[in-house]
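Visitor: Input: one structure, supplied below.
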Amino acid sequence: MTKKRRPRRRSRRLLKLLVLLALCALFLWWSNHALQTQRFTYASPRLPEGFDGCVIVQLSDLHGAYFGEDNQELLSRVREAGPDYIFLTGDLLDQYRKTPHSYAAALGGALADIAPTYFITGNHEWALPGVRELKRELEEAGVAVLSNEYVLLERSGDRVLLAGIDDPNGFADQKTPEELAQEVREAWGDGFWLLLAHRNNYFEKQYSLLGADLVISGHGHGGLIRLPFTDGLVSAERRLFPSYTAGFYTANGSDVFVSRGLGNSGLTLRLFNRPEVVVLTLERENA
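Below is the structure:
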């Protein structure tokens, strides 16, 4: 009798193993492909009244990913948020997948049909040929490209300044963030301003010193693996236990918001760190 039961026991063990593997595969798919809309609020007494309640959607680090056919699921999430502005904070493309410019132009054009859309480069745009052509194609699609420059945004009779810098992997003679910040001070004085800067890990030692009220970044991918006791397990530079990987941080009197991003680069995988559509609402705080 004992000998006859052994095959059944092995079959049960094999079945349990297959179920476990299937559940693990489903969890990996969910962690890397199931969109998560995350809502945040940034309050400041310096914010002009006309921008109280302003809604910004931030999309970062797509790396050529698709969410639904032609990114329709992603676009639907953005529409549902009802944004006043959309910020694309770099790495639309991926050097390892050699994402074509047509991907960025198609997505950028669809987003620009929803709300005014602004783009800055990340490191992966500069790892592929033709950055100038990419910027031109995005602009032709209706996206405003900020290459170490600034624009004024208007809402309900008030204005704020939005600046954006190219990734440090850009041209060797490009304008520095410090030079751009000086131009902002000369043109805008002490007015409220936002800075789009791809690299989260440059905030503490450089971007926080520029004088922006809020820096908006990506690049960190949420630390890839997020556990309850960490700020993220692995940085984009493959360093353990990085900071500035998700949400708000403060340094040197300046604030930064870091998106966990949407895509993966190369063979990286997310765990407990779903692709994130950021909905950021600005509020005027009583002084």
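Per this note's numbering, residue 1 is the first one in the sequence shown, and the count goes up by one each step. In this text, a Cβ means the ideal position worked out from N, Cα and C, and glycines have one as well.
(1) CB-CB under 6 Å to R97, same chain, minus the five flanking residues each way: which ones, in chain order?
(2) Secondary structure at A141, three-state DSSP: helix, strand or coil?
(3) Leaving out the 5 sequence neighbours to the left and right, which residues in its chain are closer than 7 Å to A181 when beta-carbon positions are compared?
(4) How would you write the range of the alpha helix (DSSP H) that G108 sits in, first residue to last?
(5) Whole angstroms are fine: how far does the CA of T117 sit from the CA of W126?
(6) With which residues is E149 paired in a DSSP beta bridge?
(7) Are the beta-carbon atoms of G170 and L196 separated by less than 8 Å?
(8) Out of Y103, R274 and E283, point me to the one whose CA is closest to W29's CA.
(9) Skipping 5 residues on each side, what residues in its chain have a beta carbon closer than 8 Å to that of M1?
(10) What three-state label does DSSP hand E183 in the structure shown?
(11) Taking 8 Å as the cut-off, does the stretch 16 to 31 touch the stretch 261 to 268 (at least 3 CB pairs, one atom from each stretch)?
(12) I'd like to check one pair, H198 with N148: are the Cβ atoms closer than 8 Å?
Guide: Per the coordinate set shown:
(1) G64
(2) coil
(3) L210 and G211
(4) H101 to A112
(5) 20 Å
(6) G164
(7) no
(8) R274
(9) A caution first: M1 carries a pLDDT of 46, below 50, which makes its placement in the model too unreliable to give a value.
(10) helix
(11) no
(12) no
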